[in-house]
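Have a look at the structure below, then the notes.
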Amino acid sequence: MLVIFHGEHHTQSRAALTQAIAAAQQHGRQVAHLEVKNLEPSGLAVSLQTQSLFAEPRTIVLEELHSLPKSKRKDELIALIAQFAEQAETEIILWEKKQLTATELKKFPHAKVQAFIPTRSMFAWLNALSGQQTEATKAKMVTLFQKAVESDGEQFCFAMLIRQVRLLMEAKEGNNPTQFKMAAQAQLFSWTQLFSLHKKLLEIDLLQKTSGTPFTISSQVELLMVTL
């Protein structure tokens, strides 16, 4: 049996993975995590074929397999998982930080797939970010942010904001010329604004992790947006 959790809403997908592992343990399954970075096909085959000492059913967890660089090793790992997914006694769980394409999912026709995708509110807010604002557009951006928090949660919104700023910096450098929409949005910011925004986000992250502020992430992000 194969279960796939994928998509960019990592808060929800992580929660689903944790619940799946807990459920497996409650049903007496032996859970094993395999590190895919250095995993060879032969090692995966051994792990999938190995039985536990007391013949307990096993659950094998692999994370970010599809994020590996394109290679023969990656293709062979995926092929092995597709092959062993048909075996009822071994449960395989794939957790992917990105959303898999239809072509990638087609290799696992019988898998139980759950996608965790940010809402439209999230993308509406991120796409509205700009370094060229009026008071009216600032108010609109705060409203969009509040809607995104309601639908996706402030922690995930904050993580996606950090990601968006990094993507904007990459687009402004011209590292990914195919991302026309991101490149156009990047032109709405100066380098000074992007560097300042990135620095302030890291400061907010540090304050939250060290309990160095009484303010919520939402309140700090709102203040940051109106002072761009």
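End of the sequence shown sits at 729 in our numbering; the numbers just go up one at a time, nothing left out.
Yeah, the Cβ is synthetic: ideal placement off N, Cα and C, and Gly gets one too.
Reference residue i, options the options, closest by Cα
{"i": "Ile579", "options": "Lys607, Gln600 and Leu689", "result": "Lys607"}
{"i": "Ile663", "options": "Arg621, Met726 and Ile618", "result": "Met726"}
{"i": "Trp596", "options": "Phe617, Thr604, Leu545 and Leu549", "result": "Phe617"}
{"i": "Leu695", "options": "Val666, Leu703 and Gln513", "result": "Val666"}
{"i": "Phe681", "options": "Asp576, Asn628, Lys575 and Leu518", "result": "Asn628"}
{"i": "Arg621", "options": "Asn539, Leu645, Glu536 and Leu581", "result": "Leu645"}
Test item: CB-CB of residue i and residue j under 8 Å
{"i": "Ala528", "j": "Val562", "result": "Looking at the sequence provided, one finds His at residue 528 rather than Ala. Going by C-beta atoms, His528 is not nearer than 8 Å to Val562."}
{"i": "Ile505", "j": "Ala583", "result": "no"}
{"i": "Ile718", "j": "Gln647", "result": "no"}
{"i": "Ile594", "j": "Phe585", "result": "no"}
{"i": "Leu601", "j": "His507", "result": "yes"}
{"i": "Ala517", "j": "Gln615", "result": "yes"}
{"i": "Glu577", "j": "Pro542", "result": "yes"}
{"i": "Lys599", "j": "Ser631", "result": "no"}
{"i": "Pro619", "j": "Glu509", "result": "yes"}
{"i": "Leu729", "j": "Gln588", "result": "no"}
6 Å CB neighbourhood of residue i in its chain, flanking five on each side removed
{"i": "Cys658", "result": "Ala649 and Val650"}
{"i": "Ala687", "result": "Leu669, Ala672 and Lys673"}
{"i": "Ala684", "result": "Ala672"}
{"i": "Ala625", "result": "Leu645"}
Same chain, Cβ closer than 7 Å to residue i, five either side skipped, listed in chain order
{"i": "Glu557", "result": "Gly529, Arg530 and Gln531"}
Residue i - partner residues in DSSP beta bridges
{"i": "Val614", "result": "Ile505"}
{"i": "Gln531", "result": "Arg559"}
Beta-carbon contacts of residue i that lie in its chain and below 8 Å, excluding the five residues immediately before and after
{"i": "Ile522", "result": "Val532, Thr560, Val562 and Ile594"}
{"i": "Glu605", "result": "His567"}
Min CB distance residue i to chain B below 8 Å
{"i": "Glu536", "result": "Here there is only one protein chain, and chain B is not present."}
* Pick out the complete beta strand (DSSP E) segments inside the stretch 639-712, 3 residues or longer, and give them in chain order. => none
* **Those runs of the beta strand (DSSP E) which lie wholly inside the stretch 556-599 and span at least 3 residues** => 559-564 and 591-597
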